[in-house]
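S.K.: In our numbering, the protein residues as written are 281 to 769. What follows is a structure written as structure tokens; I'll ask about it next.
Here it is, written out as structure tokens:
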């Protein structure tokens, strides 16, 4: 067991081919039969709470592991075990992809195994690494990247995949940038998303607001909320889950790293930038919105409650993941109102861009030649435009490449689903900076919990925003330092 894995335990407390046409038709049947289910993935748990407050939970509330061998079209001499955190319809879509590959493959079978939420999956993978029983392929949450690298158990994708068979320049820049460290792509982007602004156009029109011009800043969100609430159009102006992912995005939009050391990208960070003017502006706005009855606090990690408050008309605005566009569209139709989407509102006048969320796929080191070849074939197949389009249409996550976007565009997907265009435009307009690349830290889960709980304290006690931010910074800095010390030991 490596010293990094021991440190993790100490810190966290946890010891295209002949059948291609048939496969394509099966995917189309799957899309038709599960399309309705796809729009319900939020309530099924995709955007459910996780203990680290990450932007989407991936797994459902059922944390039990399950394995699916899918249907093997080959002899099955080589088996690739893929551990993932996709529950509900997301898991069914993962299984469909694996079954499709197995049907086409000669001698390679991908077996999918659902391990629960992002945190549960990360813990399962980490434990398996320590026991020398790691899966060949693991889905790891975005902020688990630093732990994965520190473990030494995974081979960087850019080194593992043959350069003559993959064009990394075809990948969306913000997506590939997020999963790159020291100018090397460490993992294959898989389920990627970012946050956008949703609003009820009918309520905007009833309040005398322009339904085609959503707020672009937090100040404008407050103004719109005041107008809507004062006129009795909705109980509160806006809702969103209390997850650290949202203030992290406001830091990125302001082009301010959340932590030092180049946002934790060059080496382990030692300080959280929670004593900055940016932090004060964000949390003062957030606390004041609640105090003035303009913000519906759905609760820590409670994505589903926030969505329902918006869809049921309790609020006129909602912030959530781009992965929720499909379910929000269906919910708006069911509740008979017109849905609008806009860019993520900024804390100030600066709009640098947003940070990728979700998870990626990691290849275990030390695989046999047969397993590495089989896994390579699967990953390259999975990254193809057709598979990425299928994944996007069934889940709402971004296709990870320009070729996949072109594939969808030529098929008329964005013309028929304009709210998906908002998400892509926002992603493509994001500037590539240290802030928008996203922060990384070994104890990211604990830091996120500190931020989320800190906000709860702000709105439920007499502590001032400045006092609580100072306390949050101290706690976060201690967590960062403890992780560094645990690695040294």
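Quick reminder that beta carbons are idealized off the backbone N, C-alpha and C, glycines included.
1. Could you tell me how far apart the beta carbons of residue 359 and residue 406 are, in whole angstroms, since I believe they sit closer than 8 Å?
2. Given a cut-off of 9 Å on the beta-carbon distance, is the pair residue 625 and residue 497 in contact?
3. Can you find at least 3 beta carbon pairs, one from the stretch 623–639 and one from the stretch 704–721, that sit closer than 8 Å?
4. Please determine if the stretch 415–432 and the stretch 442–452 are in contact, where contact requires at least 3 C-beta pairs separated by less than 8 Å.
5. From residue 513 to residue 580, what does the alpha carbon distance come to, in whole angstroms?
6. At the level of alpha carbons, what is the spacing between residue 595 and residue 481?
7. Within this structure, are the beta carbons of residue 529 and residue 475 separated by less than 9 Å?
8. Here's the rule I'm using: 16 or more other beta-carbon atoms within 10 Å means buried, otherwise exposed. How should residue 734 be labelled?
9. So who's on the other strand from residue 364, going by DSSP bridges?
10. Taking C-alpha atoms, which residue in 665, 458, 740, 605 lies nearest to residue 702?
11. Less than 8 Å between the CB atoms is what I'm expecting for residue 745 and residue 563, so what's the real figure, rounded?
12. If you draw a straight line from the alpha carbon of residue 443 to that of residue 429, how long is it in whole angstroms?
13. Give a yes or no on contact between the stretch 576–590 and the stretch 458–474, applying the rule of three or more CB pairs nearer than 8 Å.
14. Would you grab the beta carbon distance between residue 732 and residue 523 for me? Rounded to a whole angstrom, and I think it's under 8 Å.
15. Quick check on residue 520: does DSSP put it in helix, strand or coil?
16. Look up residue 459 in the DSSP assignment and say whether it is helix, strand or coil.
17. Could I get the ranges of all uninterrupted alpha helix (DSSP H) runs contained in the stretch 555–601, with 4 residues as the minimum, in chain order?
18. For the structure I just gave you, are there three or more beta carbon pairs, one from the stretch 484–491 and one from the stretch 606–617, closer than 8 Å?
19. Straight-line CA distance for residue 396 to residue 418?
20. Cβ atoms of residue 415 and residue 431: under 9 Å apart, would you say?
21. For residue 557, which of 749, 767, 760, 364 has the nearest alpha-carbon?
22. Helix, strand or coil: how does DSSP classify residue 532 here?
23. So if DSSP puts residue 418 in a beta bridge, which residue, or which two residues, is it bridged to?
24. Just tell me which of 663, 690, 692 has its CA closest to the CA of residue 679.
25. From the DSSP output, which residues share a beta bridge with residue 619?
26. In whole angstroms, what is the alpha-carbon distance linking residue 649 and residue 691?
27. For residue 552, is the classification buried or exposed, using 16 other Cβ atoms within 10 angstroms of its Cβ as the cut-off for buried?
28. Give me the Cβ distance between residue 645 and residue 376, rounded to the nearest whole Å; I'm assuming they're in contact under 8 Å.
29. Could you please give me the residues that DSSP links to residue 469 through a beta bridge?
30. I need the straight-line Cα distance from residue 688 to residue 466, nearest angstrom please.
31. Since residue 404 sits in a beta bridge, which residues does DSSP pair it with?
32. Hey, which unbroken runs of the beta strand (DSSP E) at 3 residues or more fall wholly within the stretch 636–712?
33. Taking Cβ to Cβ, would you say residue 404 is nearer than 9 Å to residue 363?
34. Relative to the C-alpha of residue 659, which candidate in 437, 722, 674 has its C-alpha closest?
35. How many Å lie between residue 447 and residue 510 at the Cα?
36. Which same chain residues, not among the five before or five after residue 711, have their C-beta less than 7 Å away from its C-beta?
M.R.: According to the data block:
1. Translated into the one-based positions of the chain shown, residue 359 becomes position 79. Translated into the one-based positions of the chain shown, residue 406 becomes position 126. Actually they are not in contact, since the Cβ atoms of residue 359 and residue 406 sit about 22 Å apart, beyond 8 Å.
2. The count along the chain shown starts at 1 and reaches residue 625 at position 345. The count along the chain shown starts at 1 and reaches residue 497 at position 217. Yes, they are a contact pair.
3. yes
4. no
5. Taking the first residue of the chain shown as 1, we reach residue 513 at position 233. Taking the first residue of the chain shown as 1, we reach residue 580 at position 300. If I take the Cα positions, the gap works out to 26 Å.
6. On the chain shown, residue 595 is found 315 positions in, with the first residue counted as 1. On the chain shown, residue 481 is found 201 positions in, with the first residue counted as 1. The straight-line gap from Cα to Cα measures roughly 12 Å.
7. Residue 529 sits at position 249 when you count from the first residue of the chain shown. Residue 475 sits at position 195 when you count from the first residue of the chain shown. Yes, the Cβ-Cβ distance between residue 529 and residue 475 is below 9 Å.
8. In the chain shown, residue 734 corresponds to position 454, counting from 1. Buried, by the Cβ-count rule.
9. Looking up residue 364 in the chain shown gives position 84. In DSSP, residue 364 forms a bridge with 394.
10. One-based indexing of the chain shown puts residue 702 at position 422. Of the candidates 665, 458, 740, 605, the one whose C-alpha sits nearest the C-alpha of residue 702 is 605.
11. The sequence position of residue 745 within the chain shown is 465, counting from 1. The sequence position of residue 563 within the chain shown is 283, counting from 1. Confirmed, Cβ separation roughly 5 Å.
12. As a working mapping, residue 443 is identified with position 163 in the chain shown. As a working mapping, residue 429 is identified with position 149 in the chain shown. One C-alpha to the other measures close to 21 Å.
13. no
14. As a working mapping, residue 732 is identified with position 452 in the chain shown. As a working mapping, residue 523 is identified with position 243 in the chain shown. Correct: roughly 6 Å between the Cβ atoms.
15. Within the chain shown, residue 520 is the residue found at index 240, counting from 1. Strand, per DSSP.
16. As a first step, residue 459 must be located in the chain shown, where it is residue number 179. Looking at residue 459 - three-state DSSP - the assignment turns out to be coil, as it is neither helix nor strand.
17. 557–571, 583–591
18. no
19. Indexing the chain shown from 1 puts residue 396 at position 116. Indexing the chain shown from 1 puts residue 418 at position 138. Each residue's Cα considered, the two are about 13 Å apart.
20. In the chain shown, counting from the first residue as 1, residue 431 sits at position 151. In the chain shown, counting from the first residue as 1, residue 415 sits at position 135. Cβ atoms of residue 431 and residue 415: not closer than 9 Å.
21. Counting from 1 along the chain shown, the entry for residue 557 is found at position 277. The shortest C-alpha separation from residue 557 is found at 749.
22. On the chain shown, residue 532 is found 252 positions in, with the first residue counted as 1. Helix, per DSSP.
23. By 1-based counting over the chain shown, the position of residue 418 is 138. The partner list for residue 418 (beta bridge, DSSP) reads 363, 642.
24. Residue mapping note: residue 679 aligns to position 399 of the chain shown, counting from 1. The option with the nearest alpha carbon to residue 679 is 663.
25. Against the chain shown, residue 619 aligns to sequence position 339. Per DSSP, 480.
26. To locate residue 649, count along the chain shown from 1; it is residue 369. To locate residue 691, count along the chain shown from 1; it is residue 411. Answer to the nearest angstrom: the Cα atoms are 38 Å apart.
27. Looking up residue 552 in the chain shown gives position 272. With 16 or more other Cβ atoms within 10 Å, it is buried.
28. Position 365 of the chain shown, counted from the first residue, corresponds to residue 645. Position 96 of the chain shown, counted from the first residue, corresponds to residue 376. Contact doesn't hold; Cβ gap of about 29 Å is too wide.
29. The sequence position of residue 469 within the chain shown is 189, counting from 1. DSSP lists 640 as partners of residue 469.
30. If you number the chain shown from 1, residue 688 lands on position 408. If you number the chain shown from 1, residue 466 lands on position 186. If I take the Cα positions, the gap works out to 27 Å.
31. Mapped onto the chain shown, residue 404 falls at position 124. DSSP output for residue 404 lists no bridge partner at all.
32. 637–644
33. Taking the first residue of the chain shown as 1, we reach residue 404 at position 124. Taking the first residue of the chain shown as 1, we reach residue 363 at position 83. Cβ atoms of residue 404 and residue 363: closer than 9 Å.
34. Numbered from its first residue, the chain shown carries residue 659 at position 379. When each option's Cα is compared against that of residue 659, the closest is 437.
35. Stepping through the chain shown from its first residue, residue 447 is reached at position 167. Stepping through the chain shown from its first residue, residue 510 is reached at position 230. Distance between the alpha carbons of residue 447 and residue 510 is about 54 Å.
36. If you number the chain shown from 1, residue 711 lands on position 431. Within the same chain, residue 711 has close Cβ partners 632, 633.
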